[in-house]
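One structure is given below, encoded as structure tokens.
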Amino acid sequence: MNTEIFVLHETDDILQASNFMKKERIRNLPVVDERNKLIGLVTLREIVDALANGKKNITIGDIMIREVKAIGPDTPLKGAIEVMIINKFGSMPVVDSNRKLLGMISELDLLKKLYSMSDMPDDFYRAEEKKKSFQF
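If you use this note's numbering, the sequence shown corresponds to residues 37 to 172, in order.
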């Protein structure tokens, strides 16, 4: 889980959010209130759709997804993976029991965890990589 995350607020400008997300290469961002409580999520898709429809003078609150699925800090790895697969999420918020945003978990976070849990020797992965690179 990444705890150093960027967030948006309902009143943030859509163009500024779009430029920031492009610059930082971020596909989605949580939207929080003044108490850091998760109230929504914005993806590049919502921003692109709004801008394509000429909606340039709107706020994040106008386009954010309001019913956001999130996991808790004690959610087992398998449970987090299951929620992300079922919902086709690339990342998702991690919140406490009061919906206070604690961080975000991404596909990369899950892959790193699975890799660290693997019992295969390190040279197995390198051998597979070399074998694949020489295929024609």
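Every residue gets a Cβ at the ideal spot worked out from N, C-alpha and C, and that includes glycine.
Source: prediction; values computed, not measured.
{"Asked": "8 angstroms contact criterion, which Ser142 and Asn38 should meet: CB distance rounded", "Found": "7 angstroms"}
{"Asked": "Three-state secondary structure assigned by DSSP to Ile41", "Found": "coil"}
{"Asked": "Spatially closest choice to Glu60 from Asp69, Ile75 and Ile41, by CA coordinates", "Found": "Ile41"}
{"Asked": "Cβ shell of Phe170 (< 6 angstroms), same chain only, five flanking positions each side left out", "Found": "Per-residue confidence for Phe170 stands at a pLDDT of 48, beneath the threshold of 50, marking its modelled position as unreliable; no derived number is given."}
{"Asked": "Integer-rounded CB distance, given that Gly76 should sit under 8 angstroms from Val84", "Found": "The Cβ separation is near 17 angstroms, so there is no contact."}
{"Asked": "Gly108 versus Asp49: straight-line alpha-carbon distance, rounded", "Found": "29 angstroms"}
{"Asked": "Which listed residue (Asn134, Leu146, Ala88 and Arg63) has its alpha carbon closest to that of Pro112", "Found": "Leu146"}
{"Asked": "The ligand COA heavy atom lying under 7 angstroms from the CB of Ile41", "Found": "Here there are no bound small molecules, and the ligand COA is not part of this structure."}
{"Asked": "For Ile117 and Arg81, the rounded distance between their alpha carbons", "Found": "22 angstroms"}
{"Asked": "Classification of Asn93 by the beta-carbon crowding that lies within 10 angstroms, buried from 16 upward", "Found": "exposed"}
{"Asked": "Inter-residue spacing [alpha-carbon to alpha-carbon] between Lys148 and Leu87", "Found": "35 angstroms"}
{"Asked": "CB-CB length for Lys105 against Asn123, believed under 8 angstroms", "Found": "6 angstroms"}
{"Asked": "Local Cβ density within 10 Å of Ile99, reported as buried at 16 or more and exposed below that", "Found": "buried"}
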